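J.:
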Amino acid sequence: MALERTLVIFYLLGCIAIGVLASRKVLASRDEYWVAGRRVGTWVNAMAIMAALASGGSIIGVMGLAYGRGVPYTLSLFAGAVLGFPLASILVAKPLRKFGKFTITDFLTFRYPHVIVRYLVPTLIVVSFTVYIVAQMKAAGITAQTLLGIPYQQAVTLSAVVFVLYVSIGGMLAITWTDVVQGALMLLVILGTAFAMMMQNGTPIDIIAQASVKAPELGQVANQPLASYLGSFVIWAAAIPVIPHIVMRVFTAKDSEGARLSLNIAMVMYSIMILAAVMVIVPVGKMSFPNLQDADQIFLEVMKNQFPPLIRGLAVAAVIAAVMSTTDALLLACSSAISHDLLGDYLKEHVSEKTENRINVAIVWVVGIAAMIFAYSPPKLITEFYSAAIGMLSAGLFVPVVAGLWWKKANLFGGIASIVMGVGVYLTVQFNPDAPPLAAILYGLPASALAMVVFSQFGSITSNDIQSTIEGLHR
Amino acid sequence: MDSGDRWYLLAITIFSVLAFMPWARTVEVGGMALFGWLMAILMIFSPAIALAQLFIRRKRGENSGS
Chain A
116 MALERTLVIF YLLGCIAIGV LASRKVLASR DEYWVAGRRV GTWVNAMAIM AALASGGSII
176 GVMGLAYGRG VPYTLSLFAG AVLGFPLASI LVAKPLRKFG KFTITDFLTF RYPHVIVRYL
236 VPTLIVVSFT VYIVAQMKAA GITAQTLLGI PYQQAVTLSA VVFVLYVSIG GMLAITWTDV
296 VQGALMLLVI LGTAFAMMMQ NGTPIDIIAQ ASVKAPELGQ VANQPLASYL GSFVIWAAAI
356 PVIPHIVMRV FTAKDSEGAR LSLNIAMVMY SIMILAAVMV IVPVGKMSFP NLQDADQIFL
416 EVMKNQFPPL IRGLAVAAVI AAVMSTTDAL LLACSSAISH DLLGDYLKEH VSEKTENRIN
476 VAIVWVVGIA AMIFAYSPPK LITEFYSAAI GMLSAGLFVP VVAGLWWKKA NLFGGIASIV
536 MGVGVYLTVQ FNPDAPPLAA ILYGLPASAL AMVVFSQFGS ITSNDIQSTI EGLHR
Chain B
1404 MDSGDRWYLL AITIFSVLAF MPWARTVEVG GMALFGWLMA ILMIFSPAIA LAQLFIRRKR
1464 GENSGS
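The listed protein sequences correspond, in order, to chains A and B.
Just so you know, we're using my numbering here: the first sequence kicks off at 116 and counts up by one.
Just so you know, we're using my numbering here: the second sequence kicks off at 1404 and counts up by one.
#1: Along the chain, where does the alpha helix (DSSP H) containing Arg473 (chain A) start, and where does it finish?
#2: So, is Gly1346 (chain B) buried or exposed, given that buried needs 16 or more other C-beta atoms within 10 angstroms?
#3: With a CB to CB cut of under 7 Å and the five nearest residues on each side skipped, what residues in its chain are close to Leu190 (chain A)?
#4: Would you give the residue range spanned by the alpha helix (DSSP H) that Asp460 (chain A) belongs to?
#5: Please identify the residue among A:Val481, A:Ser243 and A:His229 whose C-alpha is closest to the C-alpha of Val276 (chain A).
#6: If you reduce the DSSP assignment to three classes, tell me which class Arg1432 (chain B) lands in.
#7: Kindly indicate if chain A contains any beta-carbon less than 7 Å away from that of Arg1428 (chain B).
#8: Could you check the C-alpha separation between Gly346 (chain A) and Leu553 (chain A) for me, to the nearest Å?
#9: Are there any heavy atoms of the ligand NAP lying less than 6 Å away from the beta-carbon of Pro237 (chain A), as far as the coordinates show?
#10: Under 8 Å: do the stretch 368 to 380 of chain A and the stretch 158 to 172 of chain A share three or more Cβ pairs, one atom per stretch?
#11: Report the partner residues of Ala593 (chain A) according to the DSSP bridge assignment.
#12: Closer than 9 Å between beta carbons: that is the criterion. Which residues of the stretch 334 to 359 of chain A meet it against chain B?
#13: Residues of chain B with CB under 8 Å from Leu198 (chain A), in chain order?
#14: Quick check: Thr220 (chain A) and Asp456 (chain A), are their CB atoms within less than 7 Å of each other?
#15: Write down the C-beta distance between Thr291 (chain A) and Thr367 (chain A) rounded to the nearest angstrom, noting that I regard them as a contact closer than 8 Å.
#16: Assess, as a yes-or-no matter, whether the stretch 525 to 532 of chain A is touched by the stretch 503 to 510 of chain A under the definition of 3 or more beta carbon pairs within less than 8 Å.
#17: Give me the Cα-Cα distance between Asp460 (chain A) and Val365 (chain A), rounded to the nearest whole angstrom.
#18: Are the CB atoms of Met178 (chain A) and Ile413 (chain A) within a distance shorter than 7 Å?
#19: Going along chain B, which residues have a C-beta under 7 Å from Ala194 (chain A)?
#20: Could you name the residues of the stretch 375 to 388 of chain A whose beta carbon sits closer than 7 Å to any beta carbon of chain B, in the order they occur along the chain?
#21: Output yes or no for whether 7 Å exceeds the beta carbon distance between Ser502 (chain A) and Ile350 (chain A).
#22: What would DSSP say about Ala250 (chain A), mapped onto helix, strand or coil?
#23: Can you name the residues of chain B whose CB is closer than 7 Å to the CB of Val186 (chain A)?
#24: Determine the closest residue to Glu471 (chain A) out of A:Ser492, A:Ser454 and A:Ala326, with distance taken between C-alpha atoms.
#25: Going along chain B in order, which residues have a C-beta closer than 7 Å to the C-beta of Ser204 (chain A)?
#26: Measuring straight from C-alpha to C-alpha, what distance separates Asp580 (chain A) and Gly587 (chain A)?
#27: Should Gly1434 (chain B) and Ser274 (chain A) be called a contact, given that it needs their Cβ atoms to be closer than 7 Å?
#28: What is the C-beta distance between Arg537 (chain A) and Gly511 (chain A), in whole angstroms, given that I count them as a contact (C-beta under 8 Å)?
#29: Does the distance from the CB of Met1442 (chain B) to the CB of Ala194 (chain A) come in under 7 Å?
#30: How far does the alpha helix (DSSP H) with Val177 (chain A) in it extend, from its first residue to its last?
#31: Since Met301 (chain A) and Ile174 (chain A) should fall inside the 8 Å C-beta cutoff, what is the C-beta to C-beta distance between them, to a whole number of angstroms?
#32: For the candidate residues A:Thr577, A:Val479, A:Ala532 and A:Thr245, whose alpha-carbon lies nearest to that of Phe278 (chain A)?
Set out below in structure tokens:
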């Protein structure tokens, strides 16, 4: 395992070096730290968006999900994510980029100016993103354990320390640079593995046909209730336009046109990678390893048994890259929810911009260490686990953001009711033991929309200042 | 909202609704439920069309500007 370990060590050192280089530029300014100075080019931003979304879940989790629940179920979840990109591009990219602040909370508190929104939205982000980060850390831990022979807890600690270090000192600029490298590595490994398998087994259509003879459940829809299929599709379609670590990428673009283009290019790369994983690697893996106890191990077993050490080393680096490229963006979004959204006003009044950025660094460490401790006792089926957490954000934020941008009658009452009802109904259904997995969004989202429409009939209409600013965002 | 965007959203919504119809779940093609193939098609065509639309709009904008 010496070669694999050396490759991974070089990779981790490279990430830290990028963080150190970026820190020279970013630690003096709020704009540089949170949104990389708003001058990230289209292709770089596209790769960074793809890498931010393609998490450990997209390599380890997506294949585990397809192995355990079948290809159609997995594709319904990821097709929802792919659909979310044009929704984001059409509905929110241009106006939010023109709005020109740092976070989704900035927009919501401007549109619905109330203390409930100011504190509830970042709290929701911190809770759901901590769950998301824990799932990513599990992916890093089991990968290093299986392919490098490092004990699970040590692997989680090592990867956590590295990405917390480069995010805390390098901010969005370090994340952007590392995400480009990480995205390229992920594409190389997944597409390379799929290509090698296609050379041996034929086209994806042939591979699915062969695998379904040995494991018919792989291609069937019957193994989950319909509500789960629809729920997983809707969760991600509604999440992408409002999910903070993607929205922050919109704010980093040079202009609104660049933001839209990067979202669409990212979506193409993401689709190709997911399809290669689900329609080639998983069916081939299922034929070779039909009875795995932990479905999330499928990609690692394929790598361990069917590829030479150099490729295995690259695979470990790719999975860790996938974990880091998402977790770094999640960490930044999560810490921005605390230091910018929750404490921002206080910090602006009482400390300098430089001290504020030092506090950001400390908050990144606190969030990272908390998630690391939770990750020592990991959940099963990570993709389903973090999708449930993201569902809460979709249920609470999608309607208020979209209505806030596109519906003039949306007012403060409607905004608050829509967030509270969306999240409340979502959590009530989610924690009902009889509810099918991921189906809670099918109740949470309509409840949020209904609350927006009904409660916007009450209370005063939105002020002219807010209305004219929103109209200006669409010009 | 641009009319091209509106048509695009309408088309992918109709496609998604059709994909979730009961017949797509029961019919099997090449070892997988038709639903799975439709999701795969959605993943390929929705980004491709959106990207093509953006490039075309950009080109038109450049041409009309020059």
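C-beta: ideal position from N, C-alpha, C; glycine also.
Since the structure is predicted, the reported quantities are computational estimates derived from the model, not experimental observations.
T.: From the atom records:
#1: The residue given as residue 473 (chain A) occupies position 358 in the first sequence. Where Arg473 (chain A) is concerned, the enclosing alpha helix (DSSP H) stretches over Glu468 to Ala490.
#2: Here chain B comprises residues numbered 1404 to 1469, so residue 1346 (chain B) is not present and cannot be evaluated.
#3: Position 75 of the first sequence holds residue 190 (chain A). Within the same chain, Leu190 (chain A) has close Cβ partners Val393.
#4: To locate residue 460 (chain A), count along the first sequence from 1; it is residue 345. Looking at the DSSP string, the run of the alpha helix (DSSP H) that includes Asp460 (chain A) is Gly459 to His465.
#5: Working through the first sequence from its first residue, we reach residue 276 (chain A) at position 161. Comparing Cα positions, the closest option is A:Val481.
#6: Indexing the second sequence from 1 puts residue 1432 (chain B) at position 29. Reading off the sequence shown, one finds Val at residue 1432 (chain B), where the question assumed Arg. In this structure, Val1432 (chain B) counts as strand in the three-state DSSP scheme.
#7: Sequence index remark: in the second sequence, residue 1428 (chain B) carries index 25 (1-based). Yes - at least one Cβ of chain A is within 7 Å of the one on Arg1428 (chain B).
#8: For the purposes of this step, residue 346 (chain A) is identified with residue 231 of the first sequence, where counting begins at 1. For the purposes of this step, residue 553 (chain A) is identified with residue 438 of the first sequence, where counting begins at 1. Their Cα atoms are separated by approximately 5 Å.
#9: The ligand NAP is not part of this structure, which contains no ligands at all.
#10: Output reads yes: the stretch 158 to 172 of chain A touches the stretch 368 to 380 of chain A.
#11: The question about residue 593 (chain A) has no answer here: the residues shown for chain A are numbered 116 through 590.
#12: Listed by position along the chain: Gly334, Gln335, Val336, Ala337, Leu341, Tyr344, Leu345, Phe348 and Ala352.
#13: Looking up residue 198 (chain A) in the first sequence gives position 83. Near Leu198 (chain A) (Cβ distances below 8 Å), the residues of chain B are Ile1415, Ser1419, Leu1445 and Ser1449.
#14: What you label residue 220 (chain A) is simply residue 105 of the first sequence in a count that begins at 1. What you label residue 456 (chain A) is simply residue 341 of the first sequence in a count that begins at 1. In this structure, Asp456 (chain A) lies closer than 7 Å to Thr220 (chain A) by Cβ.
#15: Here residue 291 (chain A) refers to the residue found at position 176 when the first sequence is read from its first residue. Here residue 367 (chain A) refers to the residue found at position 252 when the first sequence is read from its first residue. About 7 Å separates the Cβ atoms of Thr291 (chain A) and Thr367 (chain A), confirming a contact at the 8 Å cut-off.
#16: The stretch 503 to 510 of chain A, when compared against the stretch 525 to 532 of chain A, does not touch it at the 8 Å Cβ threshold.
#17: The residue labelled residue 460 (chain A) in the question sits at position 345 within the first sequence. The residue labelled residue 365 (chain A) in the question sits at position 250 within the first sequence. Cα to Cα, Asp460 (chain A) sits roughly 23 Å from Val365 (chain A).
#18: To locate residue 413 (chain A), count along the first sequence from 1; it is residue 298. To locate residue 178 (chain A), count along the first sequence from 1; it is residue 63. At the C-beta level, Ile413 (chain A) and Met178 (chain A) come within 7 Å of one another.
#19: By 1-based counting over the first sequence, the position of residue 194 (chain A) is 79. Close partners of Ala194 (chain A) in chain B (Cβ separation under 7 Å): Met1442, Leu1445 and Met1446.
#20: Residues Arg375, Leu376, Asn379, Ile380, Met382, Val383 and Ser386.
#21: Working through the first sequence from its first residue, we reach residue 502 (chain A) at position 387. Working through the first sequence from its first residue, we reach residue 350 (chain A) at position 235. Going by C-beta atoms, Ser502 (chain A) is nearer than 7 Å to Ile350 (chain A).
#22: Position 135 of the first sequence, counted from the start, is the residue given in the question as residue 250 (chain A). Residue state for Ala250 (chain A) is assigned as helix, using DSSP reduced to three classes.
#23: Here the question's residue 186 (chain A) lines up with position 71 in the first sequence. For Val186 (chain A), the residues of chain B that pass the 7 Å Cβ criterion are Met1435 and Gly1439, in the order they occur in the chain.
#24: For the purposes of this step, residue 471 (chain A) is taken as residue 356 along the first sequence, with counting starting at 1. That would be A:Ser454, whose Cα lies nearest to the Cα of Glu471 (chain A).
#25: The residue given as residue 204 (chain A) occupies position 89 in the first sequence. Proximity of chain B to Ser204 (chain A) at the Cβ level (cut-off 7 Å) is accounted for by Ala1453, in chain order.
#26: Mapped onto the first sequence, residue 580 (chain A) falls at position 465. Mapped onto the first sequence, residue 587 (chain A) falls at position 472. The alpha-carbon separation between Asp580 (chain A) and Gly587 (chain A) amounts to approximately 11 Å.
#27: The residue you call residue 1434 (chain B) lines up with position 31 of the second sequence. The residue you call residue 274 (chain A) lines up with position 159 of the first sequence. No, these two residues do not count as a Cβ contact at 7 Å.
#28: Numbered from its first residue, the first sequence carries residue 537 (chain A) at position 422. Numbered from its first residue, the first sequence carries residue 511 (chain A) at position 396. Reading off the sequence, residue 537 (chain A) comes out as Gly, not Arg. Rounded to whole angstroms, the Cβ separation of Gly537 (chain A) and Gly511 (chain A) is 4 Å, and the two are in contact under 8 Å.
#29: Indexing the second sequence from 1 puts residue 1442 (chain B) at position 39. Indexing the first sequence from 1 puts residue 194 (chain A) at position 79. In this structure, Met1442 (chain B) sits near Ala194 (chain A), with a CB-CB distance shorter than 7 Å.
#30: As a first step, residue 177 (chain A) must be located in the first sequence, where it is residue number 62. The continuous alpha helix (DSSP H) containing Val177 (chain A) extends over residues Val177 to Arg184.
#31: Taking the first residue of the first sequence as 1, we reach residue 301 (chain A) at position 186. Taking the first residue of the first sequence as 1, we reach residue 174 (chain A) at position 59. Sure, about 7 Å apart at Cβ, within 8 Å.
#32: One-based indexing of the first sequence puts residue 278 (chain A) at position 163. The residue with the shortest Cα to Cα distance from Phe278 (chain A) is A:Val479.
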